[in-house]
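K.L.:
What follows is a single structure, and I will ask about it in a moment.
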Amino acid sequence: MASDNQPDTSVLLEIYRRAALIKKNDEKIIAAARSGKMNLIYYSPRGQEIIPSALSVHLSDDDYVCTIYRGIHDQLAKGVPSKSIWAEYAGRVTGSCKGKGGPMHITYPAKGVMVTTGVVGSSMPIANGLALAAQIQGVQRIAVANFGDGASNIGAFLESLNLASVWQLPVIFVCQNNLYAEHSSFRKFTAGGSVAQRAEGLGMPGVTVDGNDAVAMWRVAREAVARARAGEGPTLIEAMTFRFQGHLLGDDASYIPAEQLRAAVEKDPVLALRSHLIAHHQVRELTLTGIEAAIEREVEEAQAFALSSKWPTPDELLTDVWAAPGPVKTHLSTSAPT
Amino acid sequence: MASDNQPDTSVLLEIYRRAALIKKNDEKIIAAARSGKMNLIYYSPRGQEIIPSALSVHLSDDDYVCTIYRGIHDQLAKGVPSKSIWAEYAGRVTGSCKGKGGPMHITYPAKGVMVTTGVVGSSMPIANGLALAAQIQGVQRIAVANFGDGASNIGAFLESLNLASVWQLPVIFVCQNNLYAEHSSFRKFTAGGSVAQRAEGLGMPGVTVDGNDAVAMWRVAREAVARARAGEGPTLIEAMTFRFQGHLLGDDASYIPAEQLRAAVEKDPVLALRSHLIAHHQVRELTLTGIEAAIEREVEEAQAFALSSKWPTPDELLTDVWAAPGPVKTHLSTSAPT
Amino acid sequence: MSAKPATVNAMQAINLALHDAMKEDDSVIVFGEDLADPEGGGVLGVTKGLSSTFGDSRVRSTPISEQAIIGAGIGAALGGLRPVTEIMLMNFAAVAMDMITNHAAKLRFMSGGQTHVPMTIRTMTGAGAGNGGQHSDYLEAWFAHTAGIKVVTYSSPAEAYGLLLSAIFDEDPVIFIENLTTYFVTGPAPTRGALIPLGKANVLRRGTDISLISYGFMVNHAWAAAVELEKEGVSAEVIDLRTVAPYDAETILDSVGRTGRVVIVHEAVRNFGVGAEIAAEIAEALHGRLKSAPRRVGGSFNAVPFSKPLETSHMPNPARILAAARSALGR
Amino acid sequence: MSAKPATVNAMQAINLALHDAMKEDDSVIVFGEDLADPEGGGVLGVTKGLSSTFGDSRVRSTPISEQAIIGAGIGAALGGLRPVTEIMLMNFAAVAMDMITNHAAKLRFMSGGQTHVPMTIRTMTGAGAGNGGQHSDYLEAWFAHTAGIKVVTYSSPAEAYGLLLSAIFDEDPVIFIENLTTYFVTGPAPTRGALIPLGKANVLRRGTDISLISYGFMVNHAWAAAVELEKEGVSAEVIDLRTVAPYDAETILDSVGRTGRVVIVHEAVRNFGVGAEIAAEIAEALHGRLKSAPRRVGGSFNAVPFSKPLETSHMPNPARILAAARSALGR
Ligand SMILES: Cc1ncc(C[n+]2csc(CCOP(=O)(O)OP(=O)(O)O)c2C)c(N)n1
Ligand SMILES: Cc1ncc(C[n+]2csc(CCOP(=O)(O)OP(=O)(O)O)c2C)c(N)n1
Ligand SMILES: [Mg+2]
Ligand SMILES: [Mg+2]
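Chains as they are written, first to last, in my numbering: chain A, 1 to 338; chain Y, 1 to 338; chain X, 1 to 331; chain F, 1 to 331.
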């Protein structure tokens, strides 16, 4: 079935694995939060799993990702271990950020997850800088900036896209358009009605894609990644999707018309991909349940690891504020006194 | 000669009068600064006179204007008396802002000049608010935000245009594209190559016009003003023009190719309109010299007024920081204790 | 809005103040992200009902555009209205810092008094709920250092009502700081329609041995420390600044002049905080009359951490205030 | 860059520091508005020659996009480079305040030390040239109040060189504040290649009767006041903080501990300024050892006015420092 324009089965299976991993983590995090095992502010990515899963199969660990508070799907898809995230969510010293950052600031450089931010719009300017570093260093790395539809109305969006075009940076702007920004509907607050359309005036291609369609998303991402790696500059991808939960855990999403939500949930993109694999790629149910069982174990272990880990001690307040004291440069070696 | 699509002679004459007034003020300010009579930072609008002159004939004193450090043309066209500007430039207490604001902050509410700003991009968000006030109050006022081409790359541009569209505000965004932002050429730093093109993605019409062509500018402005007054929402006008002087007085503009500058100066828009009036509107030389003589007198008087005015006294430092002390509301009249 | 409940929380008090201000004066308008009723009347419901009552012209949800929000507030104020804008969380004020400090605060002065900006900026913040480094900061010192804008906050629901009304009807821009914890703490209902004047501190408790000066939710911690001190035979005066900037120097100097000892408390990080100005002013004005050095208690100097034990150690609490007070008292 | 001139101004010293840093380390990159040679090498020419020497990959002019500039600096730093970004004037830092304070300053802490941001932000400011309310402010107190970012400035060209080098090679973000007046004042040339350490104040002049503490161009005014005081038989110690935050408390407390009197001077408005923190710290640490109250001299509390006589009265000057010192000395 594989063709140049079609991911082969193994790739689709890997996309599914990542999406299912996100879905399972989400399920268990919500359960752990609801049961009081963990106390955290949580922004569920349920419904948006396919976007980073289909994108990240084109990326290596060296490629950079910046994401937002609603970012666990981006982090997991990029390879951040579940247990590092769980332990951070639980506020433990074994978390990716020693518990200092928390859910909104997951960082994991070994997998290229450099910044998770809580300020709308701020993933974009920083992703530019990561791409700039790669460009100047002459390495093949690219950078991905994830953000929401609501972020397309904040100033940093325009500044970032313009600069990326002017410098032809190897960066991809991925707008995960879930049609809501907190309680605000996309159409009501986004003039022009399209994020992708804003790209042209900022000198780069803008593509709208069904982000819940693994194949379509894989294709669009592949092209953007190729452009970036070839030094042809940035791309804006507007990946259409939908948020199954409220803005954050505890939000009942009453502002979303019930019909709209039901329709979206019925087309659950993770289940859709699962069915697609069985129907069109001859993948056996057993293969999938095997993958799912492994995921179940990983997530269970992550939870156990997190909840049995130690809390940080108060002295952690004083470290990582500045560089630890140490020797500093006192003389340049190349410009000696004359 | 007048037609619906053509300003009649009296209107064109008035546009010329405003443009000539700007040109003469500019000439004498530069002379006064060079001779040391006045000590100021000055951003010459020479070359851009037609834009506000052709726009402002569609406006009344009640309409609002926000402009930038390079704003004397916008202020004079809107009717701010030369002497208020001169006295402010000279730092005297008779200046429009008692000398406290200076050249970058000329304010003159009687003519609707509400804000002159020194921060790139900041005229736009504030103009929205003035338009919002008019919209809520149900009055016919509209607001104009002037800004440069360089300002189309700053975040406030996107935020302002989007909000103006979402709320359908009676505001006009006038980008005076003089092809340079300080020493930076428009093409090199503005991805996409067009400011007007950015309007569509932000839900409003964007029009590019030769801002140095009085008739074309008058026409485009008329349409935008009509749209705003009719409650049909905002318009972005990209008025192409050129800056004859450096960014500010003292800048030799060596970064501008000599040929480009020469070509622009040869097509001096003020002189072009003058010739046009004579050639196509049967205006007599005598009429024009009469206008010019009156202008000459006004500017001479403004200078004399400014230079003979008193300086502010140091106690002015303590006033206008907060409202002067006085009685404040202590009880609401409509919500009494129950 | 009918029967007056015996107790309200700060959310209800703020909602009532906005309601009463809008009813009082047609020029009061309210806008910010998610705050109109179609968007749920605010993410926590603080502004619920306003757009339904006063219409969607005067009460508007906005795109996520803090510069445009504050800019629109400035312009609307210049155009004769009394906008109440909202920056959802105080950290996001950083996004609109240019509009607030270079424009809202300065236009009166730079225009030579021709224009002014009677805008209120409501914003909310506070550590303690695990919101982490970009959602919890107290940044009032930035605004206090800016001439032309006032900083106001409250320590009880009733004061939230009266102070917010005064902010709205003030002729200058005011940052009105709300606090997440206070949203859920109830207290006596405000006197309907009564404004509490800006610029005047509130002496919550008279005392003779030491002055505890604070503002916002931390006043409650100062109060708790004072109660504890009483058990130790120490009479502590507790002062709530209410208006953080410009603050009521007279009341403070009078108090510390009498007690000779002072602890200043705020949730913002201690270093270069509002407490520094107050301590410096006291040290200058009362030199030779202080029985011990002025002390300051504030957040530890780091981003607000997420992990519960760290967040707890980061924040001031009654025990830390007590410790500072005891040290000031030489115990 | 060949023969060492006897004297240089701050523009030349800064240019030389940037040049030497770029030569030393390929990871040093420089970008900001108008600063590459095709755009004139900076509006005042401070960065002239850098792009021609080091190429237009490492030295770049940018669009007018302060958020994108600082964001790109943060990202480039995370990616292993040492970016030197430029915010043309300090007031425009307000536009990028979110990037600077919510991100650059906090990423080390929020990532649990996994990432850090060795970025320098050069910016320039200062009253005195009639640039008015939006182009003259000293805003260092905002950054000093933010954990994770340093504030550095200089009082002579040679120090501009050595301190800027240290800022560039520091592992944390640093705001390096330049001053318009200093661009045109010459002084002895720096020792090529020598860094001046951050975090350490410079005792410019030893004295026994009073300590004058300042930073930036105002150090020169403090010096002038000290010279005047000497004529009156008063021995004044003059301290240049060099690193404003975190500042060298040890040197300050040692000095004031000896002299027992202090005047703190900065151009920023006095209220809630850096001087407040220093005065508060001195008052706390040296209670009972001060011969007079700590005094502060700063800009008057208003936007910087345009009109010359107003601008002049707004700013600190030797006479005002002298007056404060005399009052501290009881004269
Ligand atoms: C600058 C800023 N303003 C406001 C907020 C509060 N806020 C948090 S998430 C959010 C909605 C963002 O929506 P969108 O960009 O569509 O992302 P989504 O949450 O849908 O993934 C808002 C307004 C913020 N975090 N930062
Ligand atoms: C936010 C901000 N950044 C930088 C500057 C410095 N600056 C002043 S004018 C200017 C160029 C603006 O160019 P443009 O918008 O084209 O207007 P023009 O001067 O050509 O009329 C710059 C960068 C500023 N005033 N504000
Ligand atoms: Mg969304
Ligand atoms: Mg321009």
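Ideal placement from N, C-alpha and C gives every residue a C-beta, glycine not left out.
Report the residue ranges of all beta strand (DSSP E) runs contained in full by the region 162-228 of chain Y; include only those spanning at least 3 residues, in chain order.
P.N.:
Counting whole runs of 3 or more residues, the region 162-228 of chain Y contains the beta strand (DSSP E) stretches 171-177 and 206-210.
K.L.:
Tell me Y108 of chain Y's beta-bridge partners as DSSP assigns them.
P.N.:
In the DSSP output, where bridge partners are listed per residue, Y108 of chain Y has Y:V113.
K.L.:
DSSP has D254 of chain X in a bridge; who is on the other side?
P.N.:
None; D254 of chain X has no bridge partner.
K.L.:
For the region 97-129 of chain X, which residues have a CB atom closer than 7 Å to at least one CB atom of chain F, in sequence order?
P.N.:
Correct list: M97, D98, T101, N102, K106, F109 and M110.
K.L.:
Which class does V297 of chain F belong to by DSSP, given the choice of helix, strand or coil?
P.N.:
Strand, per DSSP.
K.L.:
What first and last residue would you give for the beta strand (DSSP E) that runs through G162 of chain F?
P.N.:
G162 of chain F -> not in any beta strand (DSSP E); alpha helix (DSSP H) instead, spanning P157 to F169.
K.L.:
List the DSSP bridge partners of G32 of chain F.
P.N.:
Its beta-bridge partners are F:S61 and F:E86.
K.L.:
When the Cα atoms are used, what is the spatial distance from V225 of chain A to E238 of chain A?
P.N.:
Whole-angstrom Cα-Cα distance: 15 Å.
K.L.:
Run through the region 120-160 of chain X for me and flag every whole alpha helix (DSSP H) of 4 or more residues, listed as ranges in chain order.
P.N.:
Taking only runs of at least 4 residues, the alpha helix (DSSP H) segments lying wholly in the region 120-160 of chain X are 140-144.
K.L.:
Can you check whether the C-beta of K188 of chain Y is within less than 9 Å of a C-beta belonging to chain A?
P.N.:
Yes - at least one Cβ of chain A is within 9 Å of the one on K188 of chain Y.
K.L.:
P188 of chain X bridges to which residues according to DSSP?
P.N.:
P188 of chain X is bridged to X:T7.
K.L.:
Does the Cβ of A77 of chain X have 16 or more other Cβ atoms within 10 Å, making it buried, or fewer, making it exposed?
P.N.:
Answer is buried; the Cβ neighbour count reaches 16.
K.L.:
Could you check what DSSP says for A2 of chain A in three-state terms: helix, strand or coil?
P.N.:
Because the pLDDT at A2 of chain A is just 45, under 50, the model does not fix this residue reliably, and the value given afterwards should be weighed accordingly. It is coil, neither helix nor strand.
K.L.:
In the DSSP assignment, the beta strand (DSSP E) including M240 of chain A goes from what residue to what residue?
P.N.:
Its beta strand (DSSP E) spans residues T235 to M240.
K.L.:
Interface residues of chain F around N131 of chain X at Cβ under 7 Å?
P.N.:
Within chain F, no residue comes near N131 of chain X; the closest Cβ sits about 12 Å away, beyond 7 Å.
K.L.:
Using alpha carbons as the reference points, say which of A:R274, A:A279, A:S308 and A:V299 lies closest to L13 of chain A.
P.N.:
When each option's Cα is compared against that of L13 of chain A, the closest is A:R274.
K.L.:
Hey, is I69 of chain F's beta-carbon within less than 9 Å of any beta-carbon in chain A?
P.N.:
Yes - at least one Cβ of chain A is within 9 Å of the one on I69 of chain F.
K.L.:
Can you tell me which of Y:T9, Y:N5, Y:G79 and Y:W86 puts its alpha carbon nearest to the alpha carbon of F305 of chain Y?
P.N.:
Taking only the C-alpha atoms, the option nearest F305 of chain Y is Y:W86.
K.L.:
Under the three-state reduction of DSSP, which class applies to M1 of chain F: helix, strand or coil?
P.N.:
Reliability of the predicted coordinates at M1 of chain F is poor, the pLDDT of 43 falling under 50, and the value obtained from them is presented with this limitation in mind. Note: M1 of chain F maps to coil in three-state DSSP.
K.L.:
Output yes if chain X places a C-beta closer than 9 Å to the C-beta of T107 of chain Y; else output no.
P.N.:
Chain X contact via Cβ: present.
K.L.:
Please state the DSSP three-state secondary structure of R267 of chain X.
P.N.:
The amino acid occupying residue 267 of chain X in the given sequence is Glu; Arg does not appear at that position. Reduced to three states, the DSSP call for E267 of chain X is strand.
K.L.:
Is it right to say N39 of chain A is buried, meaning 16 or more other beta carbons lie within 10 angstroms of its own, or is it exposed?
P.N.:
By the neighbour-count rule (16 or more Cβ atoms within 10 Å), N39 of chain A is not buried but exposed.
K.L.:
Taking a contact to mean a Cβ-Cβ separation below 9 Å, would you say N128 of chain A touches A143 of chain A in this structure?
P.N.:
Contact flag set, yes.
K.L.:
Given 8 Å as the limit, is there contact between the region 59-78 of chain Y and the region 145-165 of chain Y, that is, 3 or more CB pairs closer than that?
P.N.:
Judged by Cβ distances under 8 Å, the region 59-78 of chain Y makes contact with the region 145-165 of chain Y, as three or more pairs qualify.
K.L.:
Going along the chain, which residues of its own chain have a beta-carbon closer than 6 Å to the beta-carbon of T116 of chain Y, five neighbours each way excluded?
P.N.:
So the list reads T67, G71, H105 and I106, once near-sequence residues are dropped.
K.L.:
What are the start and end residues of the beta strand (DSSP E) that includes A201 of chain X?
P.N.:
Unbroken run through A201 of chain X: none, as it is neither H nor E.
K.L.:
So if DSSP puts L322 of chain F in a beta bridge, which residue, or which two residues, is it bridged to?
P.N.:
According to DSSP, which records beta bridges pairwise, L322 of chain F is partnered with nothing at all.
K.L.:
List, in chain order, every chain F residue whose beta-carbon is nearer than 7 Å to that of G91 of chain Y.
P.N.:
Within chain F, the residues near G91 of chain Y are F306, S307 and K308.
K.L.:
Examine ligand 3 and report whether any of its heavy atoms sits within less than 8 Å of the Cβ of R198 of chain A.
P.N.:
Not under cutoff, so the answer is no.
K.L.:
Could you give the first and the last residue of the continuous beta strand (DSSP E) run that contains D268 of chain Y?
P.N.:
Looking at the DSSP string, D268 of chain Y is not in any beta strand (DSSP E), and its letter there is neither H nor E.
K.L.:
May I ask you to report which of helix, strand or coil DSSP gives H331 of chain Y?
P.N.:
It is a strand residue.
K.L.:
What ranges does the beta strand (DSSP E) occupy inside the region 57-82 of chain A, keeping only unbroken runs of at least 3 residues that lie completely in it?
P.N.:
Listed in chain order, they are 64-68.
K.L.:
Can you find a heavy atom of ligand 1 that lies under 8 Å from the Cβ of E238 of chain A?
P.N.:
Outside the cutoff, so no.
K.L.:
According to DSSP, which residues form a beta bridge with T115 of chain X?
P.N.:
Paired residues: none, contrary to the question.
K.L.:
Helix or strand or just coil, what does DSSP make of V93 of chain Y?
P.N.:
DSSP places V93 of chain Y in coil when its eight states are reduced to three.
K.L.:
Considering only residues of the same chain and omitting the five flanking positions on each side of R372 of chain A, which have a CB-CB separation below 6 Å?
P.N.:
Any property of residue 372 of chain A remains undetermined from this structure, which presents chain A solely from 1 to 338.
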